[in-house]
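Enquirer: In the numbering used here, the protein residues as written are 578 to 1139. Each residue gets a CB set at the ideal place from its N, CA and C atoms; glycine is no exception.
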Amino acid sequence: MRRALGVAAFISTLCAAGAAQAQARGFGVERFEPSERGSEWFTLDSLDLRGHLRPAAGGVASWAYRPFVLYDPDGSVRSAIVEHQIVVHLGGSLVLWDRLRLGANLPLQAYATGTSGTLAGVTYPAPSADQSIGDLRLSGDARLFGKYGDVITGALGLAVWLPTGSAGAYAGDGNVRLMPRAQVAGDVGDFAYAARLGFQYRDRTGTLGGAPIGSEFAYAASFGRRFLGRKLLVGPELYGSSVTAGGDFFGKRTSPIEAILGGHYSWGDLRAGAGVGAGLSRGFGSPTVRVIASLEWVPRPEAAPPVVGDRDGDGVPDDVDVCPDVPGVRSADPRLNGCPADRDRDGVPDNLDACPDVPGVRSDDRAKNGCPADRDGDGVPDQVDACPTQPGVKTDDPATNGCPPDNDRDKDGIPNAEDACPNQAGQRDQDPNKNGCPKAFVQGNVIKIVEPVKFKTGSAEILPGPDGESVLLGVLAVLNDHPEIKKVRVEGHTDNRGVPAKNKKLSAARAASVVKWLVGHGVDPARLASAGFGQELPVDTNATDEGRQNNRRVEFHIEEKP
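(1) Apart from the five residues just before and just after Pro864, which ones in its own chain have a Cβ nearer than 6 Å to its Cβ?
(2) With DSSP as the reference, please indicate the residues paired to Arg678 in a beta bridge.
(3) Bridge partners for Thr620 per DSSP, in chain order?
(4) Assign Ser1036 to one of three DSSP states: helix, strand, or coil.
(5) Would Thr692 and Ile658 be called neighbours here (beta carbons separated by less than 8 Å)?
(6) Run through the DSSP bridge pairs and tell me what Val665 is partnered with.
(7) Mapping the DSSP letters down to three states, classify Lys1064 as helix, strand or coil.
(8) List the endpoints of the continuous beta strand (DSSP E) containing Ser818.
(9) Using a Cβ-Cβ cutoff of less than 6 Å, which residues in the same chain neighbour Glu1123 once the five nearest sequence positions on both sides are dropped?
(10) Report the residue from Arg859, Asp1044, Val1019 whose alpha carbon sits nearest the alpha carbon of Ser653.
(11) Where Phe800 and Ile1062 are concerned, what is the direct C-alpha to C-alpha distance, given to the nearest angstrom?
(12) In the structure shown, what three-state DSSP assignment does Leu626 receive?
(13) By alpha-carbon positions, which one of Glu1068, Pro1029, Gly1069, Pro632 ends up nearest to Gly1051?
(14) Are the beta-carbon atoms of Ile869 and Ala849 separated by less than 8 Å?
(15) Among residues of its own chain, excluding the 5 on either side of Arg888, which ones have a beta-carbon nearer than 7 Å to its beta-carbon?
(16) Helix, strand or coil for Gly1045 per DSSP?
(17) Would you tell me roughly how many angstroms separate the C-alpha atoms of Ser589 and Gly694, rounded to the nearest one?
(18) Can Asp764 and Gly726 be called in contact, C-beta distance under 8 Å?
(19) To the nearest angstrom, report how far apart Phe1133 and Asp1058 are at their CA atoms.
(20) Between which two residues does the alpha helix (DSSP H) holding Lys1081 run?
(21) What are the boundary residues of the alpha helix (DSSP H) that includes Glu1123?
(22) Ignoring anything shorter than 3 residues or poking outside the stretch 713-781, list the beta strand (DSSP E) runs there in chain order.
(23) Could you please give me the residues that DSSP links to Cys998 through a beta bridge?
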């Protein structure tokens, strides 16, 4: 009995040890990474790197519903390991020399709830604590080109996360993380955008909830519009990542993706924001719903002190200011120095230029002032108008853009509406079925002829002169103009009058006569073949003279053409 109890105790000890080994290690579930303080986006960066020793500070609060869930194979929720999570991100930044920015962000998990669950023999406990510190992020970004407010500004940077957070509370990874990143941002009129690409190196690999975790490729993009004198910016933001290890790059469970729709309003040195979003995938940290709010202190850059002898106060002395009574900007061009900005350098200031990025001409019409000239008023600027003095229509063809609609595509002098062959130049003909058509032309897989090859009655001899040979000259021209046609089969056909066997023999002889004529006029015999079908393949009725005439024909079928 004692031996049995001992064995049972030993087995229980092994099971307990196995259970302990099957308990999952914690993970930083919060995937929302706020932008550096001073940005007009929640997670993207507007790259406002103006000023020297210019600070910014503030907080961003995020509530996420079900950011970490275990799923059954059928897609249903097995356990919400982290069901509710509230994180407050406190941070600040400092801009140096109008080019470099240093930043810091500390997440504080204020509330977290959830339910333990087991998947594939691994137990995932609920958060070990409601409150916890997250991983401290330190960063630096350097502006490479452009400046805030330009059409495009670019920067390179590096973010480092220190393992200050609690893994058991799902507030930290427990390892150092690094992410080099490239960012762009810009303004186009009242519209603003931003984008980021980065690679986050994580010194931790393994699986979580059955999916691999490790280093990630990260991306984000946003686009919005400014309102209320550029104080309010509203627009969506999309951000996501994908684990590069485990052979499931951009897989459903390894690629958390979120979208946020929000806005930021600035007044004085303060900026507030609010937004709502949702996870677009089932990757870890991608919640069902997310709500965000922010409040920041963002001092505006100090204005340069006024220069003595500067009536308009734009910092350009009057003695070199071409527009001394109108505030402007400095310019290396002495003709523009001190005048309002003129990006396209057409002499029309941007604030009056309807086309500020395209050189144009002055106009009394505000909608056209500074836009490229358009003498014919057809909406196609002269610089790309192939017919600048004739009103026309826009086309994708530079040769016809801005020209009147083409009523004679093949340029044979016969309007398209009257031209039986509007895409092949031809001659006028009283027969509307032949008007504007050449004697022969390529149509699909045949060389089309507009009139029959004429032979002597009951004979395979081609009528000499224009009556019999004019159409063959057209076929000859097509073959000479199209060396890519490698093989043509000449077919002879008859009506149903006479003996079928004799008709077939006659049709074969006529097809052979046509081949002989073409070879005699220089066509390589290897490009030609002949066949006679007699009355077997009519194209019209044999009950009328006209129908029988249509059935007595020669056809040219293209057999080999690239």
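Expert: A quick look at the data gives this:
(1) Reading the sequence shown from its first residue, position 287 is the one you call residue 864. Taken in chain order, the residues that qualify are Ala641, Tyr642, Arg643, Pro644, Gly856.
(2) Here residue 678 refers to the residue found at position 101 when the sequence shown is read from its first residue. In the DSSP output, where bridge partners are listed per residue, Arg678 has Val672, Asp718.
(3) By 1-based counting over the sequence shown, the position of residue 620 is 43. None, per the DSSP bridge assignment.
(4) Numbered from 1 along the sequence shown, position 459 holds the residue referred to as residue 1036. It is coil, neither helix nor strand.
(5) As a position in the sequence shown, residue 692 is number 115, starting the count at 1. As a position in the sequence shown, residue 658 is number 81, starting the count at 1. Cβ distance < 8 Å, so Thr692 and Ile658 count as in contact.
(6) Along the sequence shown, read from residue 1 onward, the residue named residue 665 stands at position 88. DSSP output for Val665 lists Ala638, Leu685 as bridge partner(s).
(7) As a working note, residue 1064 is residue 487 in the sequence shown. Strand, per DSSP.
(8) One-based indexing of the sequence shown puts residue 818 at position 241. Ser818 -> beta strand (DSSP E) spans 809-820.
(9) Against the sequence shown, residue 1123 aligns to sequence position 546. So the list is empty, once near-sequence residues are dropped.
(10) By one-based count along the sequence shown, residue 653 stands at place 76. Of the candidates Arg859, Asp1044, Val1019, the one whose C-alpha sits nearest the C-alpha of Ser653 is Arg859.
(11) To locate residue 800, count along the sequence shown from 1; it is residue 223. To locate residue 1062, count along the sequence shown from 1; it is residue 485. Phe800 and Ile1062: Cα-Cα distance of roughly 53 Å.
(12) Locating residue 626 in the sequence shown gives position 49, where the first residue counts as 1. Three-state result, Leu626: coil.
(13) Counting from 1 along the sequence shown, the entry for residue 1051 is found at position 474. Comparing Cα-Cα distances from Gly1051 to each of Glu1068, Pro1029, Gly1069, Pro632, the minimum goes to Pro1029.
(14) Position 292 of the sequence shown, counting from 1, holds the residue named residue 869. Position 272 of the sequence shown, counting from 1, holds the residue named residue 849. In this structure, Ala849 does not lie closer than 8 Å to Ile869 by Cβ.
(15) Taking the sequence shown and counting its residues from 1, one reaches residue 888 at position 311. Taken in chain order, the residues that qualify are Asp895, Pro901, Asp902.
(16) Counting from one through the sequence shown, the residue named residue 1045 turns up at place 468. Residue state, collapsed to three classes: helix.
(17) Here the question's residue 589 lines up with position 12 in the sequence shown. Here the question's residue 694 lines up with position 117 in the sequence shown. Annotation note: pLDDT 39 at Ser589 (below 50); position unreliable, no value reported.
(18) The residue labelled residue 764 in the question sits at position 187 within the sequence shown. The residue labelled residue 726 in the question sits at position 149 within the sequence shown. Result yes, Cβ atoms of Asp764 and Gly726 sit closer than 8 Å.
(19) As a first step, residue 1133 must be located in the sequence shown, where it is residue number 556. As a first step, residue 1058 must be located in the sequence shown, where it is residue number 481. Between Phe1133 and Asp1058, the C-alpha separation is close to 16 Å.
(20) On the sequence shown, residue 1081 is found 504 positions in, with the first residue counted as 1. It spans 1077-1097 - the alpha helix (DSSP H) in which Lys1081 sits, taken as one unbroken run.
(21) On the sequence shown, residue 1123 is found 546 positions in, with the first residue counted as 1. Looking at the DSSP string, the run of the alpha helix (DSSP H) that includes Glu1123 is 1122-1128.
(22) 713-722, 730-739, 754-765, 768-779
(23) In the sequence shown, counting from the first residue as 1, residue 998 sits at position 421. Paired residues: none, contrary to the question.
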